[in-house]
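Notes for the one structure printed next.
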Amino acid sequence: MNDYKIPKVSILVRSFNELPNLKILLPILDNQSYKNFQVVYLDSGSTDGSLEYVKKYEAKFEMIIDKIKKEDFTYGGALNKCAELAVGSDYLISLSAHCFPTQNKFIENYVKIFQQNNSDIVFGRQVGYSKSSLSESSHLNNWFREDYADKIFPFINNGNAGYPYYFWKKYKFDSSLTGCEDIEIANRGLVNNCKITYGKDITVEHYHEEKSRQIYNRFYREAIAISQIFPGKFKMPIYKCAMKFTLDVKDSLKFRKLTQLYKKNNVISILNYFFMKNIAQYFGLKGSKNN
-10 MNDYKIPKVS ILVRSFNELP NLKILLPILD NQSYKNFQVV YLDSGSTDGS LEYVKKYEAK
50 FEMIIDKIKK EDFTYGGALN KCAELAVGSD YLISLSAHCF PTQNKFIENY VKIFQQNNSD
110 IVFGRQVGYS KSSLSESSHL NNWFREDYAD KIFPFINNGN AGYPYYFWKK YKFDSSLTGC
170 EDIEIANRGL VNNCKITYGK DITVEHYHEE KSRQIYNRFY REAIAISQIF PGKFKMPIYK
230 CAMKFTLDVK DSLKFRKLTQ LYKKNNVISI LNYFFMKNIA QYFGLKGSKN N
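Just so we're aligned, residue -10 is where the sequence shown starts under our numbering, counting upward by one.
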């Protein structure tokens, strides 16, 4: 098959201070079986040498490198900027800098899923990385099970999600949200009967190295975004917050019995992670309701 007939794929990577993760991710992309792809890297004011590393990296693939100021960053806006730079692509794959494909056919399998299923959105499984905390890994395990199929609800995640270029051009990401721009675009797509596929063999290992405040901030801003996407639909009274915290901890302790792969697997770390998660969601939803 001639190269010009092979779909062009752009991997969209948003990055802020991700140097250690980029040193893992870029070599993985070097070893992909699919060759007709490029990486669009957008740096949002890194101070750890990320941008300089990417510029000097001798990649086996094409790279488009750009930057924005930290204060100009929004999750949807940054992805829109990446997509604009990827003009001429057939497919876009949003891949977080801290998400590492587990197969060298990652891109190849994405293209196959798009073509075989005629999907408008494809997203893949996320599991914990070897250095991930057990709590984070347990949380991912609950979110991303092995129930691969077409979906009729808008849960997707831009840590590992793909779109045909025409779909992005029609819908584009909401640049005003504090997160969950992936769920928002999927929700709009479903209104117009777009097809969402949870694809097999496109798994990534997702790695966060977060302190308590960072855990809180992440879930807080996502709760605010969810309340904006689905006004009045999600509520979390304090008793429900307590129930979710208890269930999360129980699930994590069950998960701990199944694996010894992950760090921070002591009870204190588990309690801290899920306390921060649930109290952040409680205040995020409560604050949005009052605004």
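From the three backbone atoms N, C-alpha and C, an ideal C-beta is built for every residue, glycine too.
How long is the line joining the alpha carbons of residue i and residue j, rounded to whole angstroms?
i: Asn261; j: Ser201; result: 7 Å
i: Leu123; j: Arg245; result: 7 Å
i: Met225; j: Glu199; result: 24 Å
i: Phe223; j: Ile102; result: 32 Å
i: Pro290; j: Phe62; result: The question about residue 290 has no answer here: the residues shown for the chain are numbered -10 through 280.
i: Met265; j: Ser121; result: 17 Å
i: Leu258; j: Asn267; result: The question names Leu, yet the displayed sequence has Ser at residue 258. Straight-line Cα distance between these residues: approximately 14 Å.
i: Asn280; j: Ser164; result: With a pLDDT of 44 at Asn280, under the threshold of 50, the modelled position of that residue is not reliable, and no figure is offered here.
i: Asp19; j: Ile191; result: 16 Å
i: Asn106; j: Lys161; result: 22 Å
i: Glu47; j: Tyr64; result: 28 Å
i: Asn182; j: Tyr154; result: 17 Å
i: Trp157; j: Phe219; result: 21 Å
DSSP state of residue i, grouped into three classes?
i: Ser78; result: coil
i: His87; result: coil
i: Leu166; result: coil
i: Glu109; result: Residue 109 is actually Asp in this sequence, not Glu. Of the three classes helix, strand and coil, the one that applies to Asp109 here is coil, per DSSP.
Rounded to the nearest angstrom, how far is the Cβ of residue i from that of residue j, given a contact under 8 Å?
i: Pro9; j: Val100; result: Actually they do not touch by this definition, with Cβ atoms about 29 Å apart.
i: Lys56; j: Leu40; result: 6 Å
i: Ile82; j: Ile0; result: 5 Å
i: Asn149; j: Gln115; result: 6 Å
i: Ser119; j: Leu250; result: 6 Å
i: Phe89; j: Val193; result: 6 Å
Please return the same chain residues whose Cβ sits closer than 7 Å to the Cβ of residue i, not counting the five positions on each side in sequence.
i: His87; result: Glu7, Asn10, His195, Tyr196, His197
i: Ile315; result: No statement about residue 315 is possible, as the shown extent of the chain runs from -10 to 280 and does not include it.
Within the same chain, show all residues whose beta-carbon is closer than 6 Å to that of residue i, passing over the 5 residues directly before and after it, in chain order.
i: Tyr209; result: Ala269, Gly273
i: Glu211; result: Gly168, Cys169
i: Asp237; result: Phe263
Identify, in the order they occur along the chain, each residue of the same chain with its Cβ nearer than 8 Å to the Cβ of residue i, setting aside the five sequence neighbours on each side.
i: Leu179; result: Ile141, Phe142, Pro143, Ile185
i: Glu97; result: Gln21, Ser22, Tyr23
For residue i, which of the options has the nearest alpha-carbon?
i: Ala72; options: Tyr152, Lys189, Ala138, Lys(-6); result: Tyr152
i: Gly66; options: Leu166, Ile218, Leu250; result: Leu166
i: Asn69; options: Ser22, Val(-2), Val29; result: Val29
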